[in-house]
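Novice: Just passing along the structure, written as structure tokens.
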């Protein structure tokens with residue numbers, strides 16, 4: 001039997017996989033892209049550093065989101081790392097409120113750095129990136145971001161997500 005057949009027979013179902021992945025504690029970030037009326041964003045927890053040289057990171061984005069389309073159109077994105085007090089904003093960009101599109105940006109202060117992607121002024125860290133590579137897999141695209149600009153405020157607690165709820169570290 002070919003190796004690919006063996007591997008596919010061993011794959012678990014989506015329900016079991018989702019339950020296991022919920023146990024991973026992850027930093028909550030809002031990934032934004034686009035400019036002006038084309039600004040879009042989404043809450044993510046699938047994010048990690050990739051390399052120090054060159055400075056780069058990886059973010060996984062669902063292909064069905066407006067944020068995904070904005071990243072593809074603009075060729076750039078910004079990772080805005082959420083502080084402990086930003087649960088409501090995280091919920092908004094996660095689609096847990098009625099707000100959509102530009103309306104998600106209404107109650108916070110935003111600026112731009114190198115790429116022109118929206119930068120949350122009071123995020124605890126910001127990584128402004130150009131898309132330097134991407135890989136489509138299943139329902140998501142893995143975007144590799146080359147970091148062009150960084151801003152951070154490490155003296156504030158971070159918002160994390162685990163087991164379907166927010167926590168603070």
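Numbering (UniProt numbering), first residue to last: 1 to 169.
For each residue, glycine too, the CB sits at the ideal point set by N, CA and C.
(1) Name, in chain order, the residues that DSSP records as bridge partners for residue 134.
(2) With DSSP collapsed to three states, give me the class of residue 22.
(3) May I have the straight-line CA-CA distance separating residue 24 from residue 44, to the nearest angstrom?
(4) Measure the alpha-carbon distance for residue 148 versus residue 30 and round it to whole angstroms.
(5) Going by C-alpha distance, which of 100, 113, 84, 140 is nearest residue 167?
(6) Residue 41 and residue 93 - do their beta-carbons sit closer together than 7 Å?
(7) Closest to residue 134 by CA distance: which of 115, 143, 78 is it?
(8) I'd like the ranges of any beta strand (DSSP E) spanning at least 3 consecutive residues and lying wholly in the UniProt domain "Flavin reductase like" (21-168).
(9) Hey, is residue 80 close to the ligand ADP, as in C-beta under 6 Å from one of its heavy atoms?
(10) According to the Cβ coordinates, are residue 127 and residue 112 closer than 7 Å?
(11) Alpha carbon to alpha carbon, how far is residue 57 from residue 49? Give it in angstroms, no decimals.
(12) Mind checking whether residue 107 and residue 121 have CB atoms under 7 Å apart?
(13) So, using beta-carbon positions, are residue 105 and residue 156 closer together than 7 Å?
Specialist: Taking the geometry as given:
(1) Counting from one through the chain shown, the residue named residue 134 turns up at place 134. According to DSSP, residue 134 bridges with 143.
(2) By 1-based counting over the chain shown, the position of residue 22 is 22. Of the three classes helix, strand and coil, the one that applies to residue 22 here is coil, per DSSP.
(3) One-based indexing of the chain shown puts residue 24 at position 24. One-based indexing of the chain shown puts residue 44 at position 44. Computed Cα separation, rounded: 13 Å.
(4) Along the chain shown, one-based indexing puts residue 148 at 148. Along the chain shown, one-based indexing puts residue 30 at 30. Spanning the two alpha carbons is a distance of roughly 17 Å.
(5) Translated into positions along the chain shown, residue 167 becomes position 167. Selected option, being the one with the closest Cα: 84.
(6) Sequence index remark: in the chain shown, residue 93 carries index 93 (1-based). Sequence index remark: in the chain shown, residue 41 carries index 41 (1-based). Going by C-beta atoms, residue 93 is nearer than 7 Å to residue 41.
(7) One-based indexing of the chain shown puts residue 134 at position 134. The option with the nearest alpha carbon to residue 134 is 143.
(8) 29-33, 40-44, 47-52, 55-62, 76-81, 110-112, 118-120, 125-137, 140-152, 159-162, 165-168
(9) The model on display carries no ligand, and the ligand ADP is accordingly not part of it.
(10) Taking the chain shown and counting its residues from 1, one reaches residue 127 at position 127. Taking the chain shown and counting its residues from 1, one reaches residue 112 at position 112. No, the Cβ-Cβ distance between residue 127 and residue 112 is not below 7 Å.
(11) In the chain shown, residue 49 corresponds to position 49, counting from 1. In the chain shown, residue 57 corresponds to position 57, counting from 1. Distance between the alpha carbons of residue 49 and residue 57 is about 4 Å.
(12) Residue numbering aside, residue 107 sits at position 107 when the chain shown is read from its first letter. Residue numbering aside, residue 121 sits at position 121 when the chain shown is read from its first letter. No, these two residues do not count as a Cβ contact at 7 Å.
(13) In the chain shown, counting from the first residue as 1, residue 105 sits at position 105. In the chain shown, counting from the first residue as 1, residue 156 sits at position 156. Taking 7 Å as the Cβ cut-off, residue 105 and residue 156 do not qualify as a contacting pair.
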